[in-house]
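This report refers to the structure that appears directly beneath it.
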Amino acid sequence: MNKGVVLVVDDEAQIRDILGFYLKRAGYQVLAAENGAKALEVMGKVQPDLILSDLRMPEMAGDEFCRIIKGAPATRDIYFVLVSAMDGTASKIGGLNLGADDMIAKPFHAQEVMARVESAFRIIAMQKEIKRQNQKLTRFQERMNAELELAARLQIGLLPALPGAAPRFRYTHRYLPAEGIGGDIYTILPSGEGGLALMIADVSGHGVTAALISAMVKTSFESQVRLGGSPLDWAQGMNRDLARNTLAEQFATAFLARIDPVGDEMQYVAAGHDAPFRIPHGAKGGLRHPLVLSGHGFMLGLEEDLPFEAKKSPFEAGDRLVLFTDGLVEVEREDRCLLGEEGLLRLCAELPADEDEAADYLVAQAKVFNHPVPFGDDVTLVILDRIE
Numbered sequence: 139m140n141k142g143v144v145l146v147v148d149d150e151a152q153i154r155d156i157l158g159f160y161l162k163r164a165g166y167q168v169l170a171a172e173n174g175a176k177a178l179e180v181m182g183k184v185q186p187d188l189i190l191s192d193l194r195m196p197e198m199a200g201d202e203f204c205r206i207i208k209g210a211p212a213t214r215d216i217y218f219v220l221v222s223a224m225d226g227t228a229s230k231i232g233g234l235n236l237g238a239d240d241m242i243a244k245p246f247h248a249q250e251v252m253a254r255v256e257s258a259f260r261i262i263a264m265q266k267e268i269k270r271q272n273q274k275l276t277r278f279q280e281r282m283n284a285e286l287e288l289a290a291r292l293q294i295g296l297l298p299a300l301p302g303a304a305p306r307f308r309y310t311h312r313y314l315p316a317e318g319i320g321g322d323i324y325t326i327l328p329s330g331e332g333g334l335a336l337m338i339a340d341v342s343g344h345g346v347t348a349a350l351i352s353a354m355v356k357t358s359f360e361s362q363v364r365l366g367g368s369p370l371d372w373a374q375g376m377n378r379d380l381a382r383n384t385l386a387e388q389f390a391t392a393f394l395a396r397i398d399p400v401g402d403e404m405q406y407v408a409a410g411h412d413a414p415f416r417i418p419h420g421a422k423g424g425l426r427h428p429l430v431l432s433g434h435g436f437m438l439g440l441e442e443d444l445p446f447e448a449k450k451s452p453f454e455a456g457d458r459l460v461l462f463t464d465g466l467v468e469v470e471r472e473d474r475c476l477l478g479e480e481g482l483l484r485l486c487a488e489l490p491a492d493e494d495e496a497a498d499y500l501v502a503q504a505k506v507f508n509h510p511v512p513f514g515d516d517v518t519l520v521i522l523d524r525i526e
């Protein structure tokens with residue numbers, strides 16, 4: 139049984155023969171060369187697992203040979219043992235500084251050499267296994283990254299197309315998942331007589347599980363809207379869906395609303411979610427006074443029969459609605475300060491009229507405030523303007 143390949147490099151034929159005899163008897167394949175230059179020629183045909191090389195040799199000495207082997211990416215992992223007539227700590231340190239993995243002093247005992255070889259091959263076996271496992275892990279990570287990229291593209295596809303098709307409204311969004319794929323979701327649907335049904339939600343956790351539940355939240359919302367009823371009915375139906383189909387520790391915060399442009403009114407339910415801001419006449423831009431919508435309520439998915447509270451707010455022509463998830467305002471800086479609701483309100487007091495410029499401004503200012511700490515949670519920002 140071939141236990142591995144050992145290259146013996148020594149200018150003395152007798153030493154090559156002695157070491158070759160013991161190594162072959164122990165089950166190793168043996169290659170031989172009289173100096174480093176010849177050894178490189180041998181390695182052009184067969185790459186050894188271990189090299190036993192004398193230090194002092196003509197043409198190419200062991201130190202130069204060692205530097206060449208350890209300096210090349212294709213051979214630097216070969217276990218290299220220098221055999222030197224110089225004994226003592228200083229010479230061993232010098233040899234190891236050259237890149238050698240071990241040193242053996244001359245004159246040597248064959249039993250010592252074989253013990254060192256056996257020990258080296260145990261290390262080589264562990265290194266090979268680590269390399270094999272790393273390659274396996276790399277392939278797994280590559281597959282996972284490819285699947286996550288696909289999932290992220292699919293999740294982006296769940297967001298409403300921009301610009302929106304509602305003739306009385308304009309809207310835009312900024313979606314910044316913390317891990318490429320996240321638990322934030324929002325959707326906007328037409329809702330009778332030119333109105334809109336809208337939802338923004340934030341699922342607990344991050345990554346694939348949160349993304350799957352966010353897709354479930356969107357599907358449940360769309361189903362409830364098709365069934366009719368009010369935002370209160372939608373919240374109750376979505377809560378039952380999530381409570382029945384997710385684990386106990388999984389939940390979602392959400393803001394659900396129906397905007398009626400005929401009645402200049404918005405009906406909504408805040409289910410544990412940060413209340414959006416209504417900016418009267420904010421679609422015109424400039425200095426305004428943003429208002430925080432009231433209500434907070436229970437999160438969705440905790441228990442089937444949780445009570446929710448319906449609210450109303452004016453939403454007139456020219457008004458602006460700013461909806462967001464908590465990842466935008468709950469970044470803790472190094473001085474432990476948060477932008478928070480108050481900070482975002484200050485930023486919303488004077489926004490550009492263009493909704494895309496307004497969204498870019500808010501995200502940029504939040505990043506400036508948080509600097510150098512990046513967003514650590516999923517961030518979703520939606521700006522919806524009612525056109526006059």
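Reminder that position 244 of the sequence shown reads as 382 in the working numbering, one-by-one numbering, no gaps. All residues carry an ideal CB built from backbone N, CA and C; glycine is no exception. Nothing here was measured: the structure is a model prediction, and the numbers come from that model.
If you draw a straight line from the Cα of Ala-151 to the Cα of Ala-243, it is about 18 Å long. For the pair Glu-468 and Ala-392, the Cα-to-Cα distance works out to about 17 Å. Between Arg-416 and Ser-451, the CB-CB gap stays under 8 Å. Under DSSP, Met-337 takes part in a beta bridge, and its partners are Thr-325, Leu-394.
Three or more beta-carbon pairs separated by less than 8 Å are not found between the segment 498 to 509 and the segment 436 to 448, which leaves the two stretches without contact. Pairing Ser-342 with Tyr-324, the inter-Cα distance amounts to about 15 Å.
Beta-bridge pairing by DSSP links Gly-424 to Leu-489.
In the three-state reduction of the DSSP assignment, Ile-521 falls in the strand class.
Between Leu-145 and Ala-171, the C-beta spacing is below 8 Å. Sorting Ile-262, Met-195, Ala-199, Val-251 by C-alpha distance to the C-alpha of Arg-214 places Ile-262 at the top. When the beta-carbon positions are compared, Ile-338 and Thr-384 stay at least 8 Å from each other. The beta carbon of Asp-201 sits closer than 7 Å to those of Leu-193, Leu-236, all from its chain and outside the five residues before and after it, given in chain order.
DSSP, reduced to helix, strand and coil, places Gln-388 outside both helices and strands of the structure shown, so it counts as coil.
Each of Cys-486, Ala-455, Val-346 was checked against the Cα of Leu-519, and the nearest Cα belongs to Cys-486. Separation of Leu-275 and Gln-265 (C-alpha to C-alpha, rounded to the nearest whole angstrom) is 15 Å.
The straight-line gap separating the alpha-carbon atoms of Asp-340 and Arg-524 is approximately 24 Å. Contact between the segment 464 to 479 and the segment 422 to 429 is absent, with fewer than three C-beta pairs closer than 8 Å. A distance below 7 Å between beta-carbons, with the five flanking residues on each side excluded, links Arg-471 to the following residues of its chain, in chain order: Asn-508, Val-511. In the structure shown, Ile-242 adopts extended strand secondary structure according to DSSP, grouped into three states. By the Cβ neighbour-count rule, His-247 is exposed, with fewer than 16 other Cβ atoms within 10 Å of its own. DSSP, reduced to helix, strand and coil, places Glu-403 within a strand of the structure shown. Apart from sequence neighbours up to five positions away, the residues of its chain that approach Gly-332 with a beta-carbon distance below 6 Å are Arg-306, Pro-399, ordered along the chain. Taking C-beta atoms as the reference points, Gly-142 and Phe-259 count as a pair closer than 8 Å.
Take the alpha-carbon of Thr-357 and the one of Ala-348: they are about 14 Å apart. Going by beta carbons, Val-168 and Gly-182 fall outside the 8 Å limit.
Taking every protein chain shown into account, the CB of Glu-493 has 16 or more other CB atoms within 10 angstroms, so this residue is buried.
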